[in-house]
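Numbering (the numbering used here), first residue to last: 1 to 603.
In this text, a Cβ means the ideal position worked out from N, Cα and C, and glycines have one as well.
Nothing here was measured: the structure is a model prediction, and the numbers come from that model.
Following: one structure in structure tokens, then a few remarks.
Written out as structure tokens, the structure is:
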């Protein structure tokens, strides 16, 4: 709290604090975003690269098996079929088979193939290493041969590390080597496809060990191979492969064709990637410390931190350099602002120089002038509103109109026109009641039309020989608000300056409709109209700004006048609204009131 108070006591400290915040926050945000972006890009790149290595290793193993398993075509050789089909010793066929072995080796260069063997159901066999041999026990007791009898199209790939592989895989053969990976499948009769024996190819599994040895991940990562059940078949040397990590991965479900994930190992997080061999279904699994995968990203992080610190140091140094040049003009400006805030609008700044602070001082001076102008304008407009309200009140109790109406009532009473007297008194009563409107300035358009109708009823009874009227306003406009005493002055103007000066009967038409976002109300008469010069003069008066003339000067015979209505609308709604007029001499005039279409006016 004391630190905050200490900073708040000095403009210099405030600016320094704000400067540090404004510099440090963007730098930190940019740094974090940059680090996150680089971390994501680098780590994703390394993960993708490692995944490609795993996929390529799986592909290499598949290619090795594809090449080696071409030798399984020997099982279709006629001499092989004849040899296996026969129960007796067949030396000519055996010799031909051994020659075929040599031909395949010379053609395909199978250096890693240790031995190729055939055996039939009777234990009769032949191999490269041993030649013709006879098994001491029934070959169908071998679990792998039993499986192949049930699934004759299957190909088994049995590494030396498989359970009981040393004892069962080559039962009775003369070649039981622990480093042999055996490929076993059936030999079938060509026509009936009946299983008549088995072919066993022993492959030196050091080739796979070389794959694993030569394929690494970063500095200390390694690859190893599991079968479909999670049993580890091949792994690199013990000093690189952690048994604990392999044991931790073993129970995990590796269901995808290839994928990667982060393993929370007991020592430190490990990045695990795997790919599935299409030929064998084995899982080629790679493991490396996660920190090695993101090592490049960590280097970028350190570089970003150094850059942020250097930028912050440079920014603070720049602040102290500029501080002395900026703080004094700002303090002067602040003092002037305080004076202006207390109401002294003459507190102007004397600008020095042409920098932003000087522009700010000039803008402050302009602002003070505009404030003074707006205050003066507001005062004048308030005066105009009060004058307009006074003129409206005067119109509400217009003594001439009341006197003339009462005289008409007396005349009708003397003439014993009872119904006319009642109608006229009711219209007069409603007229004044709606004029007062309980002191509110706003009425609905429906109420304003009723007020205008009562006025027209009164005047029609006085001038029944010369006046007719009609009102056509869209029903959707009835509930919209309007300033009271808006239509009556225009109707009065149409009657006294248009209809009365015309020979014969006249018509006053009131219409209302929507135009865009505005409501249009028109008062049209077919009276005498106005000459062009008088129309131009009135239009010029209408275009003068509100407050440019006294509304009291606008009093006209028969009411408080067209200009009063126009200025009241503009005072409330702005310069886009008001009264517009059209007139043709000896044909009539049209007065159009434009107000906004809004129900949000506070009445």
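- Selection 586, 587, 575 and 599 evaluated against residue 593 yields 575 as nearest (Cα-Cα).
- Scanning the region 69-143 for uninterrupted beta strand (DSSP E) segments of 3 residues or longer gives 113-120, 124-127 and 131-134, listed from N- to C-terminal end.
- Distance from residue 286 to residue 53 at the Cβ level is roughly 7 Å; contact confirmed, criterion being Cβ atoms closer than 8 Å.
- Leaving aside the five residues that flank residue 407 on each side, none in its chain has a CB nearer than 8 Å to its CB.
- Residue 588 is bridged by DSSP to 584.
- For residue 567 and residue 18, the gap between their C-alpha atoms comes out near 50 Å.
- Proximity to residue 183 across 113, 514 and 201 peaks at 201, based on C-alpha coordinates.
- According to DSSP, residue 195 shares a beta bridge with 188.
- In this structure, the alpha-carbon of residue 462 lies about 8 Å from that of residue 405.
- Restricted to the region 226-293, the alpha helix (DSSP H) segments that are unbroken, complete and at least 4 residues in length are 243-249 and 290-293, listed in chain order.
- In this structure, residue 185 places its C-beta atom within 8 Å of the C-beta atom of residue 72.
- For residue 538, there is no enclosing beta strand (DSSP E); the enclosing alpha helix (DSSP H) has its first and last residue at 532-543.
- With fewer than 16 other Cβ atoms from the protein chains shown falling within 10 Å of its own Cβ, residue 320 counts as exposed.
- The DSSP-derived three-state label of residue 179 is coil.
- Under DSSP, residue 443 forms a beta bridge with 482.
- Between the alpha carbons of residue 16 and residue 314 lies a gap of roughly 14 Å.
- With a threshold of 16 other beta carbon atoms within 10 Å, residue 50 meets it and is buried.
- When DSSP states are grouped into helix, strand and coil, residue 32 belongs to the helix group.
- If you draw a straight line from the Cα of residue 380 to the Cα of residue 441, it is about 20 Å long.
- Relative to the Cα of residue 149, the nearest Cα in the group 130, 194 and 460 belongs to 194.
- When only Cα atoms are considered, residue 372 and residue 360 end up about 18 Å apart.
- Counting only runs of at least 3 residues, the region 462-512 fully encloses the following beta strand (DSSP E) elements, listed from N- to C-terminal order: 467-473 and 481-483.
- The Cβ atoms of residue 207 and residue 112 sit closer than 8 Å to each other.
- Shown here, residue 578 sits in a strand according to DSSP, grouped into three states.
- For residue 522, the secondary structure class from DSSP, reduced to helix, strand or coil, is strand.
- When Cβ pairs closer than 8 Å are counted between the two stretches, the region 516-530 is seen to touch the region 576-593, the count reaching three or more.
- Put simply, of 485, 595, 583 and 349 the residue whose alpha carbon is nearest the alpha carbon of residue 572 is 595.
- Distance check between residue 466 and each of 473, 472, 474 and 457 places 457 closest, using alpha-carbon atoms only.
- The shortest CA-to-CA distance from residue 500 to any of 459, 482 and 480 is the one to 459.
- With a 10 Å radius around the Cβ and a threshold of 16 neighbouring Cβ atoms, residue 44 comes out exposed.
- Boundaries of the beta strand (DSSP E) harbouring residue 156: 156-158, taken from the DSSP string.
- In the DSSP assignment, residue 572 falls within the alpha helix (DSSP H) that extends over 562-573.
- For a cut-off of 8 Å, the C-beta gap from residue 42 to residue 118 is around 55 Å, too long to register as a contact.
- Checking the DSSP bridge columns, you'll see residue 595 partnered with 519.
- By the beta-carbon neighbour count (other beta carbons within 10 angstroms, threshold 16), residue 299 is exposed.
- Linking residue 136 to residue 247 through their CA atoms gives a straight-line distance of about 39 Å.
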